[in-house]
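Colleague: Its first residue numbered 354, the sequence shown is counted upward by one per residue in the numbering used here. Note that the Cβ used here is the ideal one computed from N, Cα and C, for glycine as well. This structure is in structure tokens; I'll ask about it shortly.
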Amino acid sequence: MIDFSKIDSDLLLTPTWILSRVEDSTIFSFYFGKFELGKVYPSKFRKDRNPSTGFYVSRSGNLNYNDLINGEKLNCFEFVMKLHGCDFKQSLTLIASDFWLITK
Numbered sequence: 354m355i356d357f358s359k360i361d362s363d364l365l366l367t368p369t370w371i372l373s374r375v376e377d378s379t380i381f382s383f384y385f386g387k388f389e390l391g392k393v394y395p396s397k398f399r400k401d402r403n404p405s406t407g408f409y410v411s412r413s414g415n416l417n418y419n420d421l422i423n424g425e426k427l428n429c430f431e432f433v434m435k436l437h438g439c440d441f442k443q444s445l446t447l448i449a450s451d452f453w454l455i456t457k
């Protein structure tokens, strides 16, 4: 019998594994707030007098955060990295923990 308690949770934490359990739109909603495609919003990363960011679906079908001022396009993992000032692995762990996919 396999003892799953001894499996390193880091091995499971890949974007594919997380997105097989939680949609990218749900991740964005959790960290950004409620949003709709085609609408613009104030930036989460700077003071914005005029809304200058939004969301779009890429050709590959992934949802992206789009900053219209600096041209930055972020997937949900990159968005969490920037929002929390963490690295990629930390963003995966944070998302997985916040959505109860793992326990810290």
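1. Need the endpoints of the beta strand (DSSP E) that F381 sits in, please.
2. Please report the straight-line C-alpha distance between A449 and W370, rounded to a whole angstrom.
3. Identify the residues that DSSP records as bridge partners of L372: which are they?
4. Could you name the residues that DSSP lists as bridge partners for T406?
5. Measure from the alpha carbon of C429 to the alpha carbon of each residue in V375, F381, L365, then state which is nearest.
6. Determine the contact status of G407 and N415, defining contact as a CB-CB distance below 8 Å.
7. Am I right that F452 and Y384 are in contact with their C-beta atoms under 8 Å? What's the rounded C-beta distance?
8. T446 to K397, Cα distance in whole Å?
9. Which same chain residues, not among the five before or five after R374, have their C-beta less than 7 Å away from its C-beta?
Modeller: In short, the structure shows the following:
1. Counting along the chain, F381 sits inside no beta strand (DSSP E); it lies in the alpha helix (DSSP H) bounded by residues 377-385.
2. 10 Å
3. For L372, which the question treats as bridged, DSSP gives no partner whatsoever.
4. Y394, D420
5. F381
6. Cβ atoms of G407 and N415: not closer than 8 Å.
7. Incorrect: roughly 11 Å between the Cβ atoms, too far for contact.
8. 21 Å
9. Only L454 meet the Cβ criterion.
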